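First to last, the sequence lines map onto chains W and R. FYI, UniProt numbering numbers position 72 of the first sequence as 72, with every residue one higher than the one before it. FYI, UniProt numbering numbers position 132 of the second sequence as 132, with every residue one higher than the one before it. Structure, as C-alpha cells:
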Amino acid sequence: MDSRKSSSTPKQSSSPSGLATTYLLIYNGVLTIGWALILFETFKRVLSYKSVQDLGECYGLWNSIEIPLKICQTAAFLEVFHAMFGLVRSNPMIVLIQIISRVFLVWGVANYIPHAQHTTGIFLAVTAWSITEIIRYAYYALNLLQISPQWLTWCRYTFFIVLYPMGVTGELLTIVKAMRTIYPELVRNRYSILLPNKMNFGLDYFYFLVVVVLAYLYFPTMYKHMFTQRAKTLKTSSAKKVQ
Amino acid sequence: MASKSASNGFRLEVLKARGNGVVTTIENISANATIAELKKQVAQLKPKLYPDRQSYRAEATGKSVKDSQKLSELNVDKTGKIYFKDLGPQIGWSTVFMAEYAGPLVIYLLFYIRPSIIYGSAASSKPIHLAAHLGAACWTFHYAKRILETIFVHRFSHATMPIFNLFKNCSYYWGFTAFVSYFVNHPKYTPPSFGYAQIYLGLAIFLLSELGNLSIHLLLRDLRPPGTTERRIPYPNKTNPFTQLFNFVSCPNYTYEIGSWLGFSLMTQTLTAFLFAIAGAGQMTLWALGKHRAYKKEFADKYPKQRKSIIPFLI
Numbered sequence: 001m002d003s004r005k006s007s008s009t010p011k012q013s014s015s016p017s018g019l020a021t022t023y024l025l026i027y028n029g030v031l032t033i034g035w036a037l038i039l040f041e042t043f044k045r046v047l048s049y050k051s052v053q054d055l056g057e058c059y060g061l062w063n064s065i066e067i068p069l070k071i072c073q074t075a076a077f078l079e080v081f082h083a084m085f086g087l088v089r090s091n092p093m094i095v096l097i098q099i100i101s102r103v104f105l106v107w108g109v110a111n112y113i114p115h116a117q118h119t120t121g122i123f124l125a126v127t128a129w130s131i132t133e134i135i136r137y138a139y140y141a142l143n144l145l146q147i148s149p150q151w152l153t154w155c156r157y158t159f160f161i162v163l164y165p166m167g168v169t170g171e172l173l174t175i176v177k178a179m180r181t182i183y184p185e186l187v188r189n190r191y192s193i194l195l196p197n198k199m200n201f202g203l204d205y206f207y208f209l210v211v212v213v214l215a216y217l218y219f220p221t222m223y224k225h226m227f228t229q230r231a232k233t234l235k236t237s238s239a240k241k242v243q
Numbered sequence: 001m002a003s004k005s006a007s008n009g010f011r012l013e014v015l016k017a018r019g020n021g022v023v024t025t026i027e028n029i030s031a032n033a034t035i036a037e038l039k040k041q042v043a044q045l046k047p048k049l050y051p052d053r054q055s056y057r058a059e060a061t062g063k064s065v066k067d068s069q070k071l072s073e074l075n076v077d078k079t080g081k082i083y084f085k086d087l088g089p090q091i092g093w094s095t096v097f098m099a100e101y102a103g104p105l106v107i108y109l110l111f112y113i114r115p116s117i118i119y120g121s122a123a124s125s126k127p128i129h130l131a132a133h134l135g136a137a138c139w140t141f142h143y144a145k146r147i148l149e150t151i152f153v154h155r156f157s158h159a160t161m162p163i164f165n166l167f168k169n170c171s172y173y174w175g176f177t178a179f180v181s182y183f184v185n186h187p188k189y190t191p192p193s194f195g196y197a198q199i200y201l202g203l204a205i206f207l208l209s210e211l212g213n214l215s216i217h218l219l220l221r222d223l224r225p226p227g228t229t230e231r232r233i234p235y236p237n238k239t240n241p242f243t244q245l246f247n248f249v250s251c252p253n254y255t256y257e258i259g260s261w262l263g264f265s266l267m268t269q270t271l272t273a274f275l276f277a278i279a280g281a282g283q284m285t286l287w288a289l290g291k292h293r294a295y296k297k298e299f300a301d302k303y304p305k306q307r308k309s310i311i312p313f314l315i
C-alpha cells in the first residue's frame, strides 16, 4: 500500500523554494482534509448499518464517498511529478506503481463494475487507505513546517502493520466480487473488448483481473520491506531523541 | 599489515565489499600482478567463484576496477586489502542472446499454425490474410537475422552477464511475442484499413529498416581493427547510403530498429505490435542516451556536434 517512506528526516535539508513549499503545504493540507472527510463519511455510513448482512453488502457506502475518493486518489498522480521534479525525495517509479494500483481499484474495478461496490472489501480498503493517507499527508505538511512530532513518525511507521494487510484484503475482496460479477459470458462481454475490431486488440476483463490478482503476490515482499524501513527509521529517530 | 618481500610480493586479504567477512587470503602475490591474475588465483582457491563472477574494488564502496589494472596502481599492495563483490552466477552473452531470440522465433510460429488449443478447433480451417502471412515472415526474418548477427557479426566486450538478466530478458521477448502473435494470427484478424497499399508500405518500411540496421552492425564491427583496443568515432561510409544516418544520430542501429517495428505495426495494424514498438523504442532511447553521453565524454570536441542520440534533431 504505502512504502513511500524513503525520505524521513533529511540529514541535510535541501529545502525546496518558498513557492514550492507553499504549494506542497496546500497540496498536503488539502489531501489530509480530503481523506479525513472520506474516513468520516465511511464510518458514518457503516455505523448506520443494522445487521451483519448490511456490513457484508455495504450498500450506499460507495455512493457516499465516491466523489471525494475519486478526487483524492486521482490527485495523487501529482506526486509522481513532485518526485520527478525533486520537490519530494521519492523514487517516481515507486510512487507511480503504488498510485496505479489504488487508482485501478477505484476506476477500473469499483467504478467500472458497479456490483463490485457492494462488498465489505470497499469498507476495509477505504478505511485502511484513509487512515494511512491522513497520517502521511499530515506528516509531509508538518515536516515542511518543521514541526513534525515524533509520535506522528511512529504512527506512520507502525500503523501499516495492521493497515497494509487490511487494505490488501479489502482490495482483493473487491476484485473477487468484480470477478464473480463478470464471470458469466453475457456479462463478461459487456465489460470486455471483443474481437474483431480495427486495432486487432481484445481484452477479456475477467482474465485481466486474474492477472491483477496475481500481482498481489508481491504483497509479502512489500510488507517485509516496510518492516525493514521501520527498523531503520524508528531506530534513527529514537537515537536522535537522546540528544 | 602488508609486508614487502624481496620479490615485490605481499599478503593480500580479499574482503567482502558488503557486510563483514574474509573471502580468502592470498599469502604471497606480486604487486605487479593484474586484477585478471588475482581473479585466476582466487578461482583456484575458491572454485565456485570463477573469474567472471568476481568483481573488485580498492575501497568497500568504490567503483569496480578493470582486469588490466595492476595491484600496485590501486595501492592495494600498501593496504593489503581488496574488496570483492560476487556478481552471481554468470552466463555467456551468446547463450543469452540465443535464448532470447530463439524463443520469439518459435513462439510466434506456434500461434501462426493456429493451434486449436488456443483458437478453438474451427480456427485452422479459416483463411489467413496476406498481412498475417507477411507478419509471420517478417517476424521470423527479424529474429533469424538477429541470431545470425550474434554468431557472425557482433563482437562482445564483456564475456558474461548475470543469470538473472536471462530470466528478465526472456520474459520480455517471449511474453511480447505471444502478446503480438496471438492477435495477428487470430481467426478474427481484421486486415489494415487502407488495404494493400498500407500492407506494402509497412512491409517496405520494415525491410528498409532491417537493411539499415544490418548496415550499421557491419560498420560497427569493422570500426575496430581486430586485435586492438582502439576506440573510434563511427562515421558514414561511402559505399552504403544507410550509414548516412550517422550524420544525425549516435545510434542509428536503434533508430532503424524502431523503424522496423513501426513498419511491422503499420503492416499488421495490430495494437500490441505498436505497444511492442513503443516499449522497444523507450528502452533503446535510454541505451542510446547513455551511449551518446559516453561518446561525447570520450571524444569531447572531436565528436560531431550536430548528432543526437537516437532520433534525428530530437533526442
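Backbone N, C-alpha and C fix where the C-beta goes; we use that ideal spot for every residue, glycine too. The structure presented is a predicted model; accordingly, all values stated were derived computationally and were not measured.
Item                                                                                                                            : Value
Cα-Cα separation, Ser265/R to Thr79/R                                                                                           : 59 Å
Euclidean distance between Cα positions of Gln117/W and Cys58/W                                                                 : 8 Å
Cα-Cα separation between Lys63/R and Thr243/R, rounded to whole angstroms                                                       : 36 Å
Beta-carbon neighbours of Tyr189/R, restricted to chain W and to distances below 9 Å                                            : Leu195, Pro196, Asn200
Residue-chain proximity (Leu271/R, chain W), Cβ-Cβ < 8 Å                                                                        : yes
Coarse secondary structure for Asn32/R, derived from DSSP in three states                                                       : coil
The segment 252 to 264 of chain R touching the segment 278 to 286 of chain R, judged by at least three CB pairs closer than 8 Å : yes
For residue 361/R, the three-state DSSP class (helix, strand or coil)                                                           : Nothing in the structure corresponds to residue 361/R, since chain R is present only between 1 and 315.
Within-8 Å CB hit, His129/R to chain W                                                                                          : no
Cβ-based neighbour list, Leu105/R, same chain, cut-off 7 Å, excluding 5 preceding and 5 following                               : Thr140, Tyr143, Ala144
is_contact[Phe141/R, chain W] using C-beta, thresh 8 Å                                                                          : no
Ser121/R CB to nearest heavy atom of the ligand SAM below 7 Å                                                                   : By its list of ligands, the structure shown contains no ligand whatsoever, and the ligand SAM lies outside what it can speak to.
Partners in chain W for Phe276/R, counting only beta-carbon separations shorter than 9 Å                                        : Near Phe276/R there are no residues of chain W at all, since even the closest Cβ is about 12 Å away, more than 9 Å.
Nearest residue (CA-CA) to Ala36/R, options Val22/R, Arg53/R, Ile107/R                                                          : Arg53/R
One or two residues paired with Leu203/W in a DSSP bridge                                                                       : Ile193/W
Nearest candidate by alpha-carbon position, reference Gly227/R, set Val184/R, Thr160/R, Arg155/R, Ile258/R                      : Arg155/R
Residue environment, Leu194/W, which counts as buried when at least 16 other CB atoms sit within 10 Å                           : exposed
When Phe246/R, Lys188/R, Pro236/R are compared against Ala122/R, the one with the closest alpha-carbon                          : Lys188/R
contact_flag[the segment 100 to 118 of chain R, the segment 171 to 178 of chain R] where n(CB pairs < 8 Å) is 3 or more         : yes
Three or more C-beta pairs below 8 Å linking the segment 161 to 178 of chain W and the segment 116 to 132 of chain W            : yes
Simplified DSSP assignment, three categories, for Tyr173/R                                                                      : helix
C-alpha gap between Val242/W and Lys235/W, whole angstroms                                                                      : Its pLDDT being 47, under 50, Val242/W is placed unreliably in this model, and the value from its coordinates should be taken loosely. For Val242/W and Lys235/W, the distance between alpha carbons rounds to 11 Å.
8 Å Cβ cutoff met for Ile147/W and Leu39/W                                                                                      : no
Chain-ordered neighbours of His186/R on chain W, where CB pairs are closer than 9 Å                                             : Leu195, Pro196, Asn200, Gly202
Nearest-angstrom Cα separation, counted from Arg156/W out to Ser193/R                                                           : 55 Å
Reduced DSSP secondary structure (H/G/I, E/B, other) of Arg231/R                                                                : coil
C-beta atoms of Phe104/W and Thr132/W nearer than 8 Å                                                                           : no
Chain W contact for Ser171/R (CB, 8 Å cutoff)                                                                                   : no
C-beta atoms of Gln198/R and Asn200/W nearer than 8 Å                                                                           : no
Cβ-Cβ separation, Thr190/R to Pro196/W (assumed contact under 8 Å), whole Å                                                     : 5 Å
Alpha helix (DSSP H) segment containing Thr127/W, residue limits                                                                : 120 to 144
Interface flag, Phe183/R vs chain W, CB-CB below 8 Å                                                                            : yes
C-alpha distance - Asp301/R paired with Leu245/R, whole-angstrom precision                                                      : 20 Å
Opposing strand residues paired with Thr25/R [DSSP bridges]                                                                     : Glu13/R
Cross-chain neighbours of Glu215/R in chain W, by beta carbon under 8 Å                                                         : The question names Glu, yet the displayed sequence has Ser at residue 215/R. Chain W residues near Ser215/R: none, gap ~32 Å exceeds 8 Å.
Proximity of Lys308/R and Val249/R at Cβ, strictly below 8 Å                                                                    : yes
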